[in-house]
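Chains as they are written, first to last, in this note's numbering: chain A, 1 to 247; chain B, 1 to 151; chain C, 1 to 116. Using N, Cα and C, we set each Cβ at its ideal position, and we do this for glycine too. Report on one structure; see the data block that follows.
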């Protein structure tokens, strides 16, 4: 293994340029280094002006998502050794507006997460003395995989529909909706189905499947969306046959 | 932080070209028409979607065949001859490849959409896959039996 | 109640057509388009075929066989044009052309099979 590897990093400084450009940095090639380590080396030793987000450096916070050699990756999980030969191209997450260098604007994503009512919705709220909601392991198993989402937005960066259709709710939001609808404690299934059935909801998805491929937590948002489509279709036929509102 | 949260402004950014220390000019790249060539999986996806064209094509061929059959033996014989021309044969060979691609991708994706829970546990994907392929074999065998046995 | 009136129905038809095409189209195409014309297998005679097709069950089978995958194509192709070629502004026109063509095909199939 060589001593160093080249990083081709997007730089965008809105105060003095209108378009992003690339800058190349030579960083040490250590077997146990991930791309995030290399970026921190750049910031510490080579160019302190480089801006990027990161936090836990262990794949649970979802902050360090960037495009590494064309694929959305968590930079804390992308080893330098796995991305040889250099130069390793590091760009901000695709389909999001770039604020500066590798930092993207995520307000749209946060807004969409809220839109699907990601909390336990109850039509009847038992009094506190009645006790807690009980949930069996089997009931937990029904939605557990979907609850693993760390909101890293890699799926949005992989979804061409999100790129083409800015209003599209997106994989993580729909998977989150499914996580709550499948929760045995929740009674908001009908409300969420209505939200997802709107124009920019789940029906925009054409099952490219790229979202599930890049998800670092195996949430499988693509599967969740297709299951929701089935439910939406079944619901449509039910309301057709009994218009007085089948639930 | 952002007073501009929510609505299309959150995505579209500040007034284009206006940079102030309190609201930078975001850079937004327009998605190219060739987006589907940027990644192999995207190209495979588009190929998968284009199989529908050959599906429609064969539906039309079947329609024409039934029409020729109803028009009488001479018309039907002419239709049969057209089926034997090299161009049509080549088209059908290509179409078969696309149809098989459709079948394979369709069945392989089925376990994602059809989640069956039995006794509190999710039926493994392999079982759903096997059921789909079994159905395919049965359907193929049945049709072949009918069309090959008829004399 | 139905915020998006037709999409769930269209998607259901798309799925049904896609499943039908996945299950039945390869064998039909192989036999009708390749094996019979190339002489790998002996094709059924026109008289046998006419007898088969006269049966109401066969007619129903053939109608579904032709019409449903046409709707599958219409739905899928419409989204392919919309996303692939980014024909945003022609959203309604593309939809009408695709589903319209499928409807015409289905109607033609219905007419031919009815008039047999």
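Backbone secondary structure at residue i - three-state DSSP
i	result
residue 72 (chain B)	coil
residue 60 (chain B)	helix
residue 146 (chain A)	helix
residue 23 (chain B)	strand
residue 136 (chain A)	coil
residue 114 (chain A)	helix
residue 116 (chain B)	coil
residue 64 (chain C)	helix
residue 104 (chain A)	strand
residue 98 (chain C)	helix
residue 122 (chain B)	strand
residue 82 (chain B)	helix
residue 29 (chain B)	coil
residue 11 (chain A)	strand
residue 80 (chain C)	helix
residue 88 (chain C)	helix
residue 153 (chain A)	coil
residue 84 (chain A)	coil
Length of the line joining the Cα atoms of residue i and residue j
i	j	result
residue 49 (chain B)	residue 79 (chain C)	9 Å
residue 32 (chain C)	residue 239 (chain A)	42 Å
residue 124 (chain A)	residue 177 (chain A)	20 Å
residue 78 (chain B)	residue 56 (chain C)	26 Å
residue 24 (chain A)	residue 87 (chain A)	8 Å
residue 65 (chain C)	residue 59 (chain B)	7 Å
residue 72 (chain A)	residue 61 (chain B)	43 Å
residue 6 (chain A)	residue 114 (chain A)	40 Å
residue 132 (chain A)	residue 225 (chain A)	30 Å
residue 93 (chain A)	residue 144 (chain B)	51 Å
residue 76 (chain A)	residue 39 (chain A)	10 Å
residue 96 (chain B)	residue 38 (chain B)	27 Å
residue 5 (chain B)	residue 108 (chain A)	Caution is warranted here: a pLDDT of 42 is assigned to residue 5 (chain B), below 50, making its placement in the model unreliable, and no coordinate value can be reported.
residue 29 (chain B)	residue 97 (chain A)	8 Å
residue 220 (chain A)	residue 120 (chain A)	21 Å
residue 64 (chain B)	residue 114 (chain C)	14 Å
residue 33 (chain A)	residue 175 (chain A)	32 Å
residue 149 (chain B)	residue 52 (chain C)	12 Å
residue 181 (chain A)	residue 233 (chain A)	16 Å
residue 103 (chain C)	residue 215 (chain A)	40 Å
residue 62 (chain C)	residue 57 (chain B)	15 Å
residue 71 (chain B)	residue 48 (chain C)	15 Å
Beta-bridge pairing of residue i - partner residues as DSSP gives them
i	result
residue 66 (chain A)	A:73
residue 79 (chain A)	A:34
residue 48 (chain B)	Answer by DSSP bridge pairing: none, since residue 48 (chain B) is not bridged.
residue 6 (chain A)	A:26
residue 16 (chain A)	According to DSSP, which records beta bridges pairwise, residue 16 (chain A) is partnered with nothing at all.
residue 179 (chain A)	According to DSSP, which records beta bridges pairwise, residue 179 (chain A) is partnered with nothing at all.
N- and C-terminal bounds of the alpha helix (DSSP H) containing residue i
i	result
residue 230 (chain A)	221 to 241
residue 100 (chain B)	86 to 113
residue 161 (chain A)	160 to 164
residue 143 (chain B)	125 to 149
residue 99 (chain A)	Careful: residue 99 (chain A) lies outside any alpha helix (DSSP H), inside the beta strand (DSSP E) at 98 to 100.
residue 14 (chain C)	7 to 29
residue 213 (chain A)	210 to 214
residue 53 (chain C)	46 to 54
residue 94 (chain A)	Taken as a continuous stretch (DSSP letters only), residue 94 (chain A) belongs to no alpha helix (DSSP H), as it is neither H nor E.
residue 45 (chain A)	Neither: residue 45 (chain A) is in no alpha helix (DSSP H) and is coded neither H nor E.
residue 194 (chain A)	189 to 196
Continuous beta strand (DSSP E) stretch holding residue i: start and end
i	result
residue 250 (chain A)	Nothing can be reported for residue 250 (chain A): it is not among the residues displayed for chain A, which extend from 1 to 247.
residue 88 (chain A)	88 to 91
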